[in-house]
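Going by UniProt numbering, the residue at position 95 of the sequence shown is 95; the numbering climbs one at a time, nothing skipped.
Virtual Cβ for every residue (Gly too), placed ideally from N, Cα, C.
Quick notes on the structure that follows.
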Amino acid sequence: MIIKLFFSFIAGCAIAILYNIEKSYTLLCGLSGMLTWFIYYLCTKLSFSEAISSLIALLALVFFSNILSKWKNVSSLVFNMPGIMPIVPGGLLFKTFNNLTEKHYEVALHYGFQACLVGGAIAIGFIINEAVSKILLAAKMKIEEEPFINKKNKSSEK
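Here it is as structure tokens:
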């Protein structure tokens, strides 16, 4: 497992380099990739399906990348893109097309369906992130406004 954690860290760093992300963020990008894969691995070991494991790992990645983006004052995409690579269903797509070329259509259909589920879970994770971000932003703006109680007290003082 340590070796897999190491290589998911390396994959995150490599994607950061590939996308020309600033060098000072490379290690953090590797850390986000390692965290995403670790949570995915834990969820699969807890007998969750690959799609649910991907969704949980993505939600953890989004939370972690939002924290890093606030800390470093950059877009959360800087940490999302390298972090998502370890859970992208590339292996499932390879198995799908490999079985298609070998004319094992039922097995190819199974792998293709799994790849679609994982991809859909990743998309749903990003949608949930966007919805929660909008709700939290609206709540923050509402809190920053002057509270109703203070308005009532100020009007009664006059």
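Residue environment, residue i, which counts as buried when at least 16 other CB atoms sit within 10 Å
i, result
"T36", "buried"
"Y105", "exposed"
"K70", "exposed"
"L18", "exposed"
"I67", "exposed"
"F64", "buried"
"M1", "exposed"
"G112", "buried"
"S47", "exposed"
"G12", "buried"
"S133", "exposed"
"S24", "exposed"
Cβ-based neighbour list, residue i, same chain, cut-off 6 Å, excluding 5 preceding and 5 following
i, result
"A121", "A51, S54, L55"
"C43", "S53, I56"
"I84", "none"
"M141", "none"
"L100", "A108"
Spatial neighbours of residue i in its chain, beta-carbon cut-off 8 Å, leaving aside the 5 residues before and after
i, result
"residue 165", "No answer is possible for residue 165: the residues shown for the chain start at 1 and end at 158."
"S49", "L117"
"I10", "G30"
"L28", "L68, K72, F79"
"L5", "M34, W37, F38"
Beta-carbon spacing of residue i, residue j below 9 Å
i, j, result
"F79", "S8", "no"
"L59", "I15", "no"
"P82", "I3", "no"
"V74", "F126", "no"
"A108", "F97", "yes"
"A115", "L92", "yes"
Own chain, CB closer than 7 Å to residue i, minus 5 neighbours either side, in chain order
i, result
"G119", "P89"
Can you check the UniProt domain "Threonine/Serine exporter ThrE" (5-131) for any alpha helix (DSSP H) of at least 4 residues that lies completely inside it and give the ranges in chain order? 26-45, 50-72, 77-84, 90-101
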